[in-house]
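Working notes, beginning with the structure itself.
Protein chains: 4
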Amino acid sequence: MKRIDFLSLVNNYKVVFLDSYGVLKNHEGLIDGVAQTISYLRKQGFIIKILTNDASRSRQQQVDLFKSLGLNGLKINEVITSGTLARLFLEDKKIKGKIGYLGTENAAEYILHIDRDSVPIGSIDLEHCDDISAFVFLDDEGFDWNVDINKTINLLRIKNIPVVVANSDKLYPVSARDVAVGTGGIAKLVENILNRKFIHFGKPDSQMFMFAYQQLLNEGNFSKNEILMVGDTLHTDILGGNKFGLDTALVLTGNTRESAVETMVSATGIIPDYICKSIVH
Amino acid sequence: MKRIDFLSLVNNYKVVFLDSYGVLKNHEGLIDGVAQTISYLRKQGFIIKILTNDASRSRQQQVDLFKSLGLNGLKINEVITSGTLARLFLEDKKIKGKIGYLGTENAAEYILHIDRDSVPIGSIDLEHCDDISAFVFLDDEGFDWNVDINKTINLLRIKNIPVVVANSDKLYPVSARDVAVGTGGIAKLVENILNRKFIHFGKPDSQMFMFAYQQLLNEGNFSKNEILMVGDTLHTDILGGNKFGLDTALVLTGNTRESAVETMVSATGIIPDYICKSIVH
Amino acid sequence: MKRIDFLSLVNNYKVVFLDSYGVLKNHEGLIDGVAQTISYLRKQGFIIKILTNDASRSRQQQVDLFKSLGLNGLKINEVITSGTLARLFLEDKKIKGKIGYLGTENAAEYILHIDRDSVPIGSIDLEHCDDISAFVFLDDEGFDWNVDINKTINLLRIKNIPVVVANSDKLYPVSARDVAVGTGGIAKLVENILNRKFIHFGKPDSQMFMFAYQQLLNEGNFSKNEILMVGDTLHTDILGGNKFGLDTALVLTGNTRESAVETMVSATGIIPDYICKSIVH
Amino acid sequence: MKRIDFLSLVNNYKVVFLDSYGVLKNHEGLIDGVAQTISYLRKQGFIIKILTNDASRSRQQQVDLFKSLGLNGLKINEVITSGTLARLFLEDKKIKGKIGYLGTENAAEYILHIDRDSVPIGSIDLEHCDDISAFVFLDDEGFDWNVDINKTINLLRIKNIPVVVANSDKLYPVSARDVAVGTGGIAKLVENILNRKFIHFGKPDSQMFMFAYQQLLNEGNFSKNEILMVGDTLHTDILGGNKFGLDTALVLTGNTRESAVETMVSATGIIPDYICKSIVH
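Chains V, B, S and Z, in that order, give the protein sequences.
Using the working numbering, the first residue of the first sequence is number 346, and each one after it goes up by one.
Using the working numbering, the first residue of the second sequence is number 346, and each one after it goes up by one.
Using the working numbering, the first residue of the third sequence is number 346, and each one after it goes up by one.
Using the working numbering, the first residue of the fourth sequence is number 346, and each one after it goes up by one.
This is the structure:
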């Protein structure tokens, strides 16, 4: 665990995997200087992949969102979301029948628009739900928590079907002070009530790193030690990167604050190879 | 674990502790024959205590509710609720300042009407919450889940204050088919997100049994082996009764069904002394 | 949470409940000055109760041990151990047949010497164990971990019997640097493997505080707000004391160090009413 | 979830991933008829991969062991063990210094014989352990549980280093009646005591399936829906296979018994695509 400037560190690699929230942006928008760093990395020939636990937007929508924040020129294949993985899973499993979901219509459209129907939990009739053959936790918005969380629990008591959590983050920041319960937090509540275990996608799980790595191999022959994983969260970015065999750098522009970093590393036992203040210097 | 008729079994005791939901009543009202059993127990001189994980109603309101269902003659000191315990805790700790809560005004009134102000989470201003000095999870109703669960989490991130869960049940039945997330389930979600541990009241915790036992000692000198604890739920009624040193009888009119009883006892390792179909025969 | 000298604080109370390890003694013996404090408390007429999660020694053996360390004059009814509670449970439940156990013969003798036979796990024949009707985790010594933990697991897979954990502490200190897995840690491993929940005794559970309080009531009429609970561990002493409705003081001579106290209180949400350096000043 | 004969089912695929214990062998040796099935699969041109949570033997030793049991002709690249993954991780991370371990010398030799020294926990001096830079849980044998589990805990309290669990199985069968705590169970105990999270390898984690799939791609171009994952354990084989996007078949020759299969699937929510009595018919 070595303190080092990001711009010095990165020169030892050819590829940079970056978390999104807390590394590139925060609740106020793009972090100051990030556009310059990305531009520098491009000029130097680095390959960039953004790995984000998000299932509320498609990869194209992610690219558009970054553009609206002032980060231009991202390509679709530079963004890997946990939603992408959930979608691939549903395609691979060739589930017949309808897929129920908790989340927004937008998320459902891009994740579930494979040749089948999807139904928001609010529109499912528990008396006639024989045709629901899988269920997906997509987002923490787009439904009524007062009613639809209980309805989800009752559906899953009746129907023993595969359940997918398209974003395993338990909470996410919404301002400098406040956080909100994320998709993974709601799914955890339901798992806890039902005493069951759903299929979770997103960091720290290896599948997301593997997907990014495989996309990378389409662009050239890279070994794992040519890749640096950069993130602000020990439990997702660093744990996942470490396990997948990548070098990892923790930045202090998000979940992990300068004052708490030593305590948190030692309390969790999750050890980044490097600590950088930000990706800006 | 012996199968036996309740009316034969009960004659070996002088006192009966009864869970409420699943033993005396269900989603349709009073269970058929329960009024007759209670009447029989009274005639035979049994002392009755109802121990219920509930913080939404006062003891008087519980008595009134049973009356409206057709069970007359209950007295206040025959009903012990987890809310009673939470209230005693708040009184004992002599907390200064206001108490924030999640739940209905009615619950707040009877649990928190000790000489102090209480404030529903919806009315708390996170910018000016210096005067909030404790927080109570009272009920799963009376607030907006979409907004107030997140607000509770953010309050408890700012304020390091004692947090009390006045009913630790994670879920409760609302119909023959459906359940709903209970106060304890919401508290568990918040504990999970914050990685903290609140102060929970209610079965299986010994405190509730102890409170009932102490009230009993005001009415005469009874030893624990003169008391039978009757409940429908292994994890609360039976575990708690066993641990407190009471003989326990599981009834099959609620959470534990005839077809699942052997599997559940063996899976949980929570073993009632007796199994009875109901308290009716 | 107020910083205060113990000797100033204690004058607001009439009774002091004290944890043993980390408050009165540590791995080197009696903490310097503790004998003087106890002597002072006695002269001032305070009532003292020592509440310790320990099932390896009888209350008399505890008194003798303190004497050998230089703390004279303790009486049996001033020491309450989690083992005492486990023993009462086994007496109350009037278990028929033999009781299997994991621990030392000494512990078995004083906890299980009620009118029945007890058998160490090493002597149980899994082919003929029909007569084993309960099992107790007594101690982390007195058996062969290489063999007897697995044997315990296999016994409890065959026999669905009540299982008691007579000391729920997961670990305990053995030197300034080292800790050891405690009875509660071994029990937790077995619970985790079997996916079952045993009956645990010891702080933070209310039952131990209630037992101490009831013994206190034999000596006079005291209300809870005349009692101060003093301990070095947030999760057991302070959580338990708080929940039982006592004022609590955290001392920094054991598990919780001066440098970590703020972080730990804020991370756990377990808040002592007072913080004292030790019970000496 | 369809009941079907394995030999009918398998014809819809080109590749079979097989768990070892409970599918190919049990405590008595090779399961009757398994050699014939494997021979049939080879003749029909199926590709076979054995995926086993085991870190006690090298892949060559696994091949030799199967041979000694009567299953001839396995090749090294047909066996993937969780130990293989742990070894790759340690190679990728280029850890400097010595690696401490809990397990047998044999396991250490094949997993850790990369250009560095390894030290069994028994030989580590806690006073001089500066040079230990990673730790691996290799096996449940080869050390003294009475001493070395505590020593491991104390080492990991002193040293904040990467910790790898080379086999995440919590328990394993040793006879028709008995089980034993596995490497993953010991690691879990230590994680629980330290409140930390280690890096676990083995099913159900995707990394093992990915490794097998990548090896498969060296032998030809196969899509995931040409692969059938066969296992006896819902939590490892079926959960992992499902998540990786493979069709899954549960066999009833191991951990999951005929009489319990419906209950377990419904309790866990882990749903195999198919249920087969064994791989023999």
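All residues carry an ideal CB built from backbone N, CA and C; glycine is no exception.
Keep in mind it's a predicted model, so treat the numbers as computed, not measured.
If you follow the beta strand (DSSP E) that residue i is part of, which residue opens it and which one closes it?
i               : result
Y385 of chain B : Looking at the DSSP string, Y385 of chain B is not in any beta strand (DSSP E); the run it does join, the alpha helix (DSSP H), is 379 to 388.
L516 of chain S : 516 to 518
K412 of chain S : Counting along the chain, K412 of chain S falls outside any beta strand (DSSP E), though it belongs to the alpha helix (DSSP H) covering 404 to 414.
I393 of chain B : 392 to 397
Quick check on residue i: buried or exposed, where buried means 16 or more other Cβ atoms within 10 Å of its Cβ?
i               : result
K347 of chain B : exposed
G390 of chain Z : exposed
N499 of chain B : buried
Q552 of chain B : buried
E536 of chain S : buried
I425 of chain V : buried
N398 of chain V : buried
S384 of chain S : exposed
I want to verify the contact list: residues of chain Z whose CB lies under 7 Å from the CB of residue i, in sequence order.
i               : result
T613 of chain V : R541, K542
F480 of chain V : What F480 of chain V touches in chain Z: nothing, since even the nearest Cβ is about 10 Å away.
How is residue i classed by DSSP in three states: helix, strand or coil?
i               : result
L375 of chain V : strand
G325 of chain V : A query on residue 325 of chain V cannot be resolved here, the shown segment of chain V reaching from 346 to 626 and no further.
L597 of chain Z : coil
L573 of chain Z : strand
V478 of chain V : At residue 478 of chain V the sequence reads Ser, which differs from the Val that was named. Strand.
I494 of chain Z : helix
Y358 of chain S : coil
A521 of chain V : coil
S468 of chain Z : helix
H545 of chain B : strand
I620 of chain S : strand
When the Cα atoms are used, what is the spatial distance from residue i to residue j?
i               : j               : result
V503 of chain V : I444 of chain V : Note that residue 503 of chain V is Ile in the sequence shown here, rather than Val. Cα to Cα, the separation comes out at about 15 Å.
S463 of chain Z : Y446 of chain Z : 7 Å
M633 of chain V : V510 of chain S : Past the boundaries of the shown model lies residue 633 of chain V; chain V is included only from 346 to 626, so the question cannot be answered.
S468 of chain B : A612 of chain S : 26 Å
L457 of chain S : F482 of chain S : 12 Å
I392 of chain Z : G547 of chain S : 56 Å
Y619 of chain V : V379 of chain V : 19 Å
L591 of chain Z : N357 of chain V : 37 Å
T632 of chain B : L419 of chain V : Look at the range of chain B in this structure, 346 to 626, and you will see that residue 632 of chain B is not part of it.
I544 of chain Z : N540 of chain B : 21 Å
K542 of chain S : I616 of chain B : 11 Å
G374 of chain V : S520 of chain V : 11 Å
What residue range is occupied by the uninterrupted alpha helix (DSSP H) comprising residue i?
i               : result
G590 of chain Z : Careful: G590 of chain Z lies outside any alpha helix (DSSP H) and carries neither H nor E.
G428 of chain V : 427 to 437
K443 of chain V : Unbroken run through K443 of chain V is the beta strand (DSSP E), 443 to 447; no alpha helix (DSSP H).
V508 of chain B : Premise fails: V508 of chain B lies in the beta strand (DSSP E), 508 to 510, not in any alpha helix (DSSP H).
Y455 of chain S : 450 to 457
I531 of chain B : 528 to 539
Y366 of chain Z : That residue, Y366 of chain Z, is in no alpha helix (DSSP H); it is neither H nor E in DSSP.
Can you name the residues of chain V whose CB is closer than 9 Å to the CB of residue i?
i               : result
D489 of chain B : W490, N491
F567 of chain Z : The premise fails here: F567 of chain Z is roughly 13 Å from chain V at the closest Cβ pair, so nothing lies under 9 Å.
Whose Cβ in chain S lies nearer than 7 Å to the Cβ of residue i?
i               : result
G530 of chain Z : L534, I538
Under 8 Å Cβ-Cβ, which residues of chain S neighbour residue i?
i               : result
S551 of chain B : D550, S551, Q552, M555
I494 of chain Z : W490, V526
Using the beta-carbon of each residue, which ones in chain V are nearer than 7 Å to residue i?
i               : result
I469 of chain B : Those within 7 Å of I469 of chain B in chain V number zero; the least Cβ separation is about 13 Å.
Using the beta-carbon of each residue, which ones in chain Z are nearer than 9 Å to residue i?
i               : result
K359 of chain S : Chain Z residues near K359 of chain S: none, gap ~37 Å exceeds 9 Å.
L410 of chain S : Here the premise fails: no neighbours, minimum Cβ distance about 22 Å.
Please compile the residues from chain V whose C-beta is within a distance smaller than 8 Å of the C-beta of residue i.
i               : result
K515 of chain B : N537, I538
N505 of chain B : Within chain V, no residue comes near N505 of chain B; the closest Cβ sits about 15 Å away, beyond 8 Å.
N499 of chain B : R522, D523, V524
In chain S, what lies closer than 9 Å to residue i by C-beta?
i               : result
N398 of chain Z : Within 9 Å Cβ-Cβ: nothing; N398 of chain Z doesn't reach chain S, min ~15 Å.
V508 of chain B : G614
Does at least one heavy atom of the ligand FMN sit under 7 Å from the Cβ of residue i?
i               : result
K533 of chain Z : Of ligands this structure carries none, so the ligand FMN is not represented either.
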